[in-house]
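Q: So the protein sequences, as listed, match chains X and H. For the first sequence, our numbering assigns the number 372 to the initial residue and increments by one for each residue that follows. For the second sequence, our numbering assigns the number 30 to the initial residue and increments by one for each residue that follows. Beta carbons: idealized from backbone N, C-alpha and C, even for Gly. Predicted model only: the values in this text are computed from it and were never measured.
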Amino acid sequence: IDSEDDLLQECISSAMPKKK
Amino acid sequence: PTPPYLKWAESLHSLLDDQDGIQLFRTFLKQEECADMLDFWFACSGFRKLEANEINEEKKVKLSKLIYKKYILDNNGIVSRQIKPATKSFIRDCVMKLHIDPAMFDQAQTEIQTMMEENTYPLFLKSDIYLEYT
């Protein structure tokens with residue numbers, strides 16, 4: 372379950388803008 | 030230069046293009062118990078951005094199932110309630126038949142985005158959280 376959450380979280384984070 | 034928090038009021042995209050803006054908007058949505066809408070929106074973008082290569086193929090199958098299970102399958106979930114039945118069955122079919130396509134969540138993402146633009150985003154701009162920040 373943890374790794375599933377990690378995968379989803381990684382996907383969400385990958386779409387967020389990087390720090391300017 | 031225009032301070033970031035004034036830019037956030039220009040459009041939902043300006044808000045979602047800024048880390049601090051996202052964080053504040055998320056705090057607001059959490060308070061309204063609909064932070065899942067924002068997470069889903071970013072999950073769809075992240076899914077679409079996954080490059081097509083062998084390593085990612087397995088990842089895409091897993092992720093499409095995860096996104097479907099977490100946000101769409103439960104009809105009482107905040108995201109699921111905002112997505113049209115036809116859009117939900119389209120995604121279910123893609124997941125079940127393993128028709129994994131980078132654009133398979135696009136329509137659902139648009140529906141959630143419209144909901145945010147018409148509802149939660151204007152509310153956010155009038156909220157205490159935003160006004161106190163400015």
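Can you tell me the Cα-Cα spacing of threonine 149 of chain H and lysine 94 of chain H, whole angstroms?
A: Whole-angstrom Cα-Cα distance: 27 Å.
Q: Rounding to the nearest angstrom, what Cα-Cα distance links aspartate 135 of chain H and histidine 42 of chain H in this structure?
A: In a straight line, the C-alpha of aspartate 135 of chain H is about 16 Å away from that of histidine 42 of chain H.
Q: Does DSSP classify leucine 154 of chain H as helix, strand or coil?
A: Helix, per DSSP.
Q: Give every residue of the same chain whose Cβ lies closer than 7 Å to the Cβ of aspartate 49 of chain H, excluding the five residues on either side of it in the sequence, and list them in chain order.
A: Once the five neighbours on either side are set aside, the close Cβ partners of aspartate 49 of chain H are Pro33.
Q: For proline 114 of chain H, report the span of its alpha helix (DSSP H) as first-last.
A: Residues 114–125.
Q: Is the Cβ-Cβ distance between isoleucine 158 of chain H and leucine 53 of chain H less than 8 Å?
A: Yes.
Q: Could you run through the stretch 33–60 of chain H and flag, in chain order, every residue whose CB is less than 7 Å away from some CB of chain C?
A: In summary, chain C is missing from the structure at hand, where the protein chains are X and H.
Q: Are the beta-carbon atoms belonging to isoleucine 382 of chain X and leucine 102 of chain H less than 8 Å from one another?
A: The residue asked about is misnamed: residue 382 of chain X is cysteine in this sequence, not isoleucine. No; because the gap between Cβ atoms is not below 8 Å, this pair is not in contact.
Q: Candidates H:Ala132, H:Tyr97, H:Leu152, H:Ile141: which alpha carbon is nearest alanine 81 of chain H's?
A: Considering only alpha carbons, the answer is H:Ala132.
Q: Throw me the rounded Cβ distance for the leucine 152 of chain H and alanine 38 of chain H pair, which I believe falls under 8 Å.
A: At roughly 13 Å, the Cβ-Cβ gap does not stay under 8 Å, so leucine 152 of chain H and alanine 38 of chain H are not in contact.
Q: Can you give me the start and stop residues for the alpha helix (DSSP H) that asparagine 85 of chain H sits inside?
A: Unbroken alpha helix (DSSP H) run through asparagine 85 of chain H: 83–96.
Q: If contact means a Cβ-Cβ distance below 7 Å, which residues of the stretch 65–83 of chain H contact chain X?
A: Answer set for the stretch 65–83 of chain H: Asp68, Phe71, Ala72, Ser74, Gly75, Phe76, Lys78.
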